[in-house]
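Numbering (full-length UniProt numbering), first residue to last: 1 to 626.
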């Protein structure tokens with residue numbers, strides 16, 4: 001404003017100077033012409049009248065300059081300033097919601113810089129007020145969004161929605177209703193009304209964020225949801241395609257069409273868990289009206305509407321003491337799923353800021369409701385999957401237990417027959433057949449053991465009992481057990497380790513199981529060469545590194561990604577050629593991880609494979625090594 005004053009002052013000085021110079025120039029020209037005229041006629045007889053003529057000429061020129069200055073100033077400055085002041089005053093009224101701005105003059109009091117500065121000041125105040133209101137509105141929306149996202153319980157979420165809107169909008173009552181397709185009555189209702197104390201109750205499950213209005217979310221909030229209805233599907237694209245089974249009928253009559261299909265005549269009905277006192281006819285009428293229109297509707301003077309139009313909902317609202325109402329639809333994917341109704345006991349003007357806040361809050365509420373129902377659906381499905389997994393584990397445990405007894409009987413009786421505990425001698429062909437039966441029974445017994453271990457691992461019921469072990473002793477026992485298998489296939493099987501290898505902390509039984517699985521697999525998939533077991537101390541990690549390397553067929557790079565998955569092998573043809581179920585590596589890896597180690601694999605197709613795992617060093621050995 002000061003810059004504008006200085007600019008206008010400089011322009012006025014320039015115009016004044018120009019007009020003054022023009023007046024002096026005109027006066028000089030006319031005076032010189034007049035003097036020359038008198039000189040030609042003779043100076044003697046008219047010299048006494050010349051000064052008066054020059055004075056009159058000067059006055060005329062000065063008057064002409066003043067008139068010109070006035071006209072130019074009015075046209076170039078005063079009129080534009082007047083229009084600018086009017087425009088600024090009008091903008092100040094339009095951009096401000098307070099009473100002071102609405103009383104701003106829309107015409108200039110005095111056409112001077114002071115009035116213009118006053119108009120600019122009022123306009124600046126109105127902009128500051130509007131900016132403050134927008135900042136406050138955004139803070140409310142951010143706080144509400146954080147509260148809605150952090151709430152995953154449906155009833156708590158609905159309570160949060162109505163309570164926060166009630167505190168922000170400062171109304172006298174809020175009702176929220178959620179509907180589904182083919183639902184004449186809502187499946188969820190939430191209501192809020194202010195109480196004398198706005199302090200939260202101690203047993204309230206809601207905690208408003210710091211800086212938000214303190215809201216009592218105990219006695220002044222009531223939430224009802226009908227669990228008999230299939231609401232878990234409402235979170236997906238079926239948000240408005242809920243099941244009609246268990247629908248409760250509503251006795252409320254209305255003139256607005258329900259925005260969904262009517263229930264089928266043969267649909268079964270069940271009593272609703274929502275009490276009739278919570279299903280107010282006024283709320284139902286307004287909810288169905290705005291859900292049908294899909295736009296915010298508000299009435300600032302219900303009494304006038306009732307007297308002029310006589311609408312039924314206006315009569316209900318007026319009888320309940322309400323004088324204004326705002327109804328906001330809750331839309332999800334352009335489908336109306338509910339509505340929020342706000343009532344006040346006095347006529348109220350609804351501003352653009354409030355309609356924007358309510359529409360944004362309704363969008364946030366729809367997304368939060370969808371997330372809450374999705375969470376409930378996922379939680380329910382997870383529980384069902386856990387139950388199914390538990391039943392599967394129990395079934396496997398029972399089946400494997402029932403299979404063990406007959407398999408052990410077959411193996412025992414077969415061994416007795418082969419050892420000669422039978423009258424007479426067996427022919428070579430009979431011995432071969434009995435040996436085949438025993439071998440297959442042993443394979444099936446190992447499969448049963450693997451399935452039992454896998455079921456225990458998946459159910460987190462497998463136990464490991466770590467103890468201080470001499471690794472070389474355990475691995476030597478494994479080599480001695482599998483030596484006949486290697487000799488029968490004309491393969492070498494050797495152990496390479498450092499005699500100073502520290503003791504490890506592991507379960508001896510599970511360690512033998514891991515080593516037997518890896519070494520037997522290596523022998524099974526190796527046709528030439530052999531298998532080498534190497535042990536190496538990793539002092540920087542306080543672990544021992546054990547690797548089992550073979551010179552077999554190897555594993556393709558694509559199969560390395562799923563080689564540890566249950567019931568998977570590198571190639572389906574290997575199952576038919578070499579046998580196996582694909583459980584051994586899965587169990588071995590999980591047993592290693594349960595003992596605090598890791599398992600890895602490296603392979604080159606056609607050249608061999610190396611499986612390696614680590615186990616922790618015993619504390620006494622680690623301290624001694626350090």
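Note that the Cβ used here is the ideal one computed from N, Cα and C, for glycine as well.
As the structure is a prediction and not an experimental result, all values here were calculated from the model.
CA-to-CA distance, residue j to residue i, given in whole angstroms
i, j, result
"residue 364", "residue 292", "20 Å"
"residue 438", "residue 370", "60 Å"
"residue 441", "residue 379", "43 Å"
"residue 290", "residue 385", "40 Å"
"residue 532", "residue 522", "9 Å"
"residue 538", "residue 403", "43 Å"
"residue 28", "residue 58", "9 Å"
"residue 274", "residue 223", "9 Å"
"residue 601", "residue 534", "14 Å"
"residue 422", "residue 436", "18 Å"
"residue 145", "residue 358", "13 Å"
"residue 149", "residue 512", "51 Å"
"residue 472", "residue 609", "22 Å"
"residue 158", "residue 189", "8 Å"
"residue 443", "residue 393", "21 Å"
"residue 461", "residue 397", "11 Å"
"residue 68", "residue 33", "23 Å"
"residue 187", "residue 332", "16 Å"
Residue i in three-state terms, based on DSSP
i, result
"residue 612", "strand"
"residue 534", "strand"
"residue 248", "With a pLDDT of 35 at residue 248, under the threshold of 50, the modelled position of that residue is not reliable, and the figure given next carries that caveat. Three-state result, residue 248: coil."
"residue 24", "helix"
"residue 463", "coil"
"residue 634", "An answer regarding residue 634 cannot be provided, because it is not within the stretch 1 to 626 covered by the chain."
"residue 3", "Here residue 3 scores only 46 on pLDDT, less than 50, and its place in the model is too uncertain to base an answer on."
"residue 139", "helix"
"residue 492", "strand"
"residue 280", "coil"
"residue 556", "coil"
"residue 515", "helix"
"residue 428", "helix"
"residue 498", "coil"
"residue 423", "coil"
"residue 524", "helix"
"residue 157", "helix"
"residue 304", "helix"
Short Cβ contact (8 Å threshold) for residue i with residue j
i, j, result
"residue 376", "residue 154", "yes"
"residue 566", "residue 454", "yes"
"residue 338", "residue 326", "no"
"residue 458", "residue 389", "yes"
"residue 611", "residue 598", "no"
"residue 478", "residue 519", "yes"
"residue 25", "residue 65", "no"
"residue 174", "residue 191", "yes"
"residue 525", "residue 552", "yes"
"residue 399", "residue 362", "no"
"residue 506", "residue 594", "no"
"residue 317", "residue 302", "yes"
"residue 493", "residue 530", "yes"
"residue 591", "residue 450", "no"
"residue 172", "residue 298", "no"
Cross-strand partners of residue i (DSSP beta bridge)
i, result
"residue 599", "613"
"residue 299", "325"
"residue 173", "343"
"residue 546", "535 and 613"
"residue 191", "175 and 222"
"residue 331", "336"
"residue 379", "Residue 379 pairs with nothing; no bridge assigned."
"residue 469", "504"
"residue 604", "608"
Buried or exposed (CB count within 10 angstroms, at least 16 for buried), residue i
i, result
"residue 18", "exposed"
"residue 604", "exposed"
"residue 412", "exposed"
"residue 427", "exposed"
"residue 498", "exposed"
"residue 632", "Residue 632 cannot be examined here, being either before or after the span of the chain that is shown, 1 to 626."
"residue 349", "exposed"
"residue 260", "Caution applies to residue 260, whose pLDDT of 37 falls short of 50 and renders its modelled position unreliable; the value that the coordinates give is listed next. Its Cβ being crowded by 16 or more others within 10 Å, residue 260 is buried."
"residue 135", "exposed"
"residue 480", "exposed"
"residue 177", "buried"
"residue 184", "buried"
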